[in-house]
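In the numbering used here, the protein residues as written are 1 to 156. Where is the CB? At the ideal position from N, CA and C, for every residue including glycine. First up is the structure itself, then whatever we jot down about it.
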Amino acid sequence: MAYWLLKSEPGEFSLDDMERAGVEPWDGVRNYQARNWIRDAMQVGDQAFFYHSNCKEPAIVGIVSVASEPYPDPTQFDPQDKHFDPKSDPRRPRWYLVDVRFERRLARPILLKELKARPELAELPLVRRGNRLSVMPVTEAQWRFILRLENAATKA
DNA sequence: GCCAACGTTGGC
DNA sequence: GCCAACGTTGGC
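Written as structure tokens, this is what we have:
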């Protein structure tokens with residue numbers, strides 16, 4: 001089983017929205033590196049952190065799981081959709097997605113600030129300079145470390 | 001609102 | 001294939 005981190009802007013789709021939806025197609029990913037992880041590496045049952053980006057308190061706030069095999073993102077073929085890609089050929093789709101299932105909320109948000117302060121997470125793509133990936137891998141060691149932070153007191 | 005970092009586009 | 005211009009991301 002692999003571990004991931006998925007970014008979402010709470011103004012667009014928050015953890016509350018995710019919980020309400022239960023299962024949601026993770027559409028709109030339009031970055032090739034992120035696409036490759038989705039299409040070539042994600043498997044049903046993989047676990048992922050749900051991260052709130054571009055907001056007042058950027059933080060990991062919940063856990064979701066991969067609920068489907070990768071399949072072509074239908075929004076790329078919909079001219080009315082914000083993520084329409086006229087250059088994508090339906091016979092050879094450019095963009096893929098998986099369905100994502102709400103698992104649980106974390107006991108507390110783990111702020112980006114806090115993640116950045118931990119040397120154990122220095123290699124986590126999220127805290128690396130200039131990172132803009134919306135889908136990124138998390139190692140098992142990083143996953144476990146972050147879960148330990150969940151139940152630890154906030155660093156003074 | 002600012003701006004650094006990065007990806008993409010398009011002229012050549 | 002190079003690279004400048006431009007657009008987007010996303011923390012602050």
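Write down the C-beta distance between residue i and residue j rounded to the nearest angstrom, noting that I regard them as a contact closer than 8 angstroms.
i           : j          : result
residue 104 : residue 22 : That belief does not hold up - the Cβ atoms of residue 104 and residue 22 are roughly 12 angstroms apart, past 8 angstroms.
residue 44  : residue 69 : 6 angstroms
residue 46  : residue 66 : 4 angstroms
residue 124 : residue 29 : The pair is not a contact, with the Cβ atoms about 19 angstroms apart (cut-off 8 angstroms).
Which first and last residues belong to the beta strand (DSSP E) in which residue i is found?
i           : result
residue 121 : Looking at the DSSP string, residue 121 is not in any beta strand (DSSP E), and its letter there is neither H nor E.
residue 24  : 23-25
residue 64  : 59-66
residue 47  : 47-52
Where does residue i fall in DSSP's three states?
i           : result
residue 74  : helix
residue 10  : coil
residue 101 : strand
residue 136 : strand
residue 141 : helix
residue 85  : coil
residue 108 : strand
residue 92  : strand
Among the options, which one has its Cα closest to the Cα of residue i?
i          : options             : result
residue 52 : 113, 114, 128 and 8 : 8
residue 91 : 82, 76, 83 and 99   : 76
Residue range of the alpha helix (DSSP H) that residue i falls in?
i          : result
residue 33 : 32-40
Leaving out five residues before and five after residue i in sequence, what residues of the same chain have Cβ atoms less than 7 angstroms from its Cβ?
i          : result
residue 56 : none
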